[in-house]
Amino acid sequence: MLAPVYRAAVIADPRLAGTVIEPIDEGGPDSEMCYAFPSWWKSDKTSPHEVRVRLGDTARILALFERATEEFPVSYGIIASRVGLELSALTPELLYAFGFAHELGHIRRMLDLGEKAYKKQLRADLRQLPVRNTTPSDLMDRSSVQRRYVDKHWEWYSKEYGVQTVEELSILQQHAYRNSTTEREADEFAASVIQIGTDLLG
Ligand SMILES: [Zn+2]
């Protein structure tokens, strides 16, 4: 299902042909669907960047995307607008393809910027969020370090952002995260890949 996406991404940026695609262990947490694994996380820093992606049980993968759309409607609403669709028109199949292309978009920026500049941008992005250094899924995961910090200092967050619930704070967090430079660029690349895929590969 992802092969045409990979082909379209390589058409968009031939450097991505050097990216290694590794399957994620299916026993891992549900939230680990697809992520970029930079070469600088490996012992051999000269090895290529990787995208790790959950393959295999497609029905389950698609069900997880369906659930994520319900949990993070703002994030997926932004994704929908980036591919020119209404939220209701986003299928789990499209999200799976988009998510994979999005991670390839991160790899592209890693190739552009290199380790130092990429990390610098990422740090700056994560610092600007309402809840710093926290992804929207970390915020909604009651057991995460970041969420426990928010719960502990709830009065401050509530007053600072004028919100009554974590769900309301999550809406702000999703907006800020999705519009951060690193995430927006990866989304825009993914949207162009989906467009190429539709135009050329059917
Ligand atoms: Zn991303």
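Under this note's numbering, think of the first position of the sequence shown as 4, with each following residue one higher. Note that CB positions come from ideal geometry on N, CA and C, so glycine has one too.
Is residue j closer than 8 Å to residue i when the C-beta atoms are compared?
i	j	result
residue 99	residue 112	no
residue 124	residue 49	no
residue 63	residue 37	no
residue 7	residue 200	yes
residue 26	residue 67	no
residue 131	residue 78	no
Which residue wins for smallest C-alpha separation from residue i, given the options the options?
i	options	result
residue 118	44, 148, 76 and 189	44
residue 51	22, 32 and 69	22
residue 104	202, 192, 203 and 156	192
residue 81	197, 70, 198 and 180	180
residue 86	102, 73 and 162	102
residue 76	198, 178 and 202	178
residue 65	93, 139, 83 and 46	93
residue 74	167, 140, 116 and 33	140
residue 33	114, 71, 194 and 9	71
residue 114	198, 42, 144 and 158	42
In its own chain, which residues sit with a C-beta less than 8 Å from the C-beta of residue i, not counting the 5 before and 5 after it?
i	result
residue 142	134, 149, 150, 153, 169, 172, 173 and 176
residue 4	61, 96, 99 and 100
residue 69	95
residue 116	124
Quick one: what's got a C-beta closer than 7 Å to residue i's C-beta in the same chain, skipping five residues either side?
i	result
residue 188	108 and 112
residue 12	19, 104, 107 and 196
residue 89	83
Leaving out the 5 sequence neighbours to the left and right, which residues in its chain are closer than 6 Å to residue i when beta-carbon positions are compared?
i	result
residue 35	27
residue 53	23, 25 and 40
residue 136	129
residue 147	141
Any heavy atom of ligand 3 within a distance shorter than 7 Å of the CB on residue i?
i	result
residue 33	Absent from the structure shown: ligand 3. Ligands present: ligand 1.
Next item on the list: Taking only runs that begin and end inside the segment 26 to 108, name each unbroken beta strand (DSSP E) of 3 or more residues, in chain order.
Entry: The segment 26 to 108 contains these whole beta strand (DSSP E) runs: 37 to 40 and 53 to 56.
Note to self: If you measure from each CB to the nearest heavy atom of ligand 1 and keep those under 7 Å, what residues do you get, in chain order?
What the structure shows: After applying the 7 Å Cβ criterion, the set is 105, 106, 109, 185, 186 and 189.
Notebook entry, point to check: Going along the chain, which unbroken runs of the alpha helix (DSSP H) with 4 or more residues stay wholly within the segment 137 to 161?
Noted result: Segments of the alpha helix (DSSP H) lying fully in the segment 137 to 161: 139 to 143 and 148 to 155.
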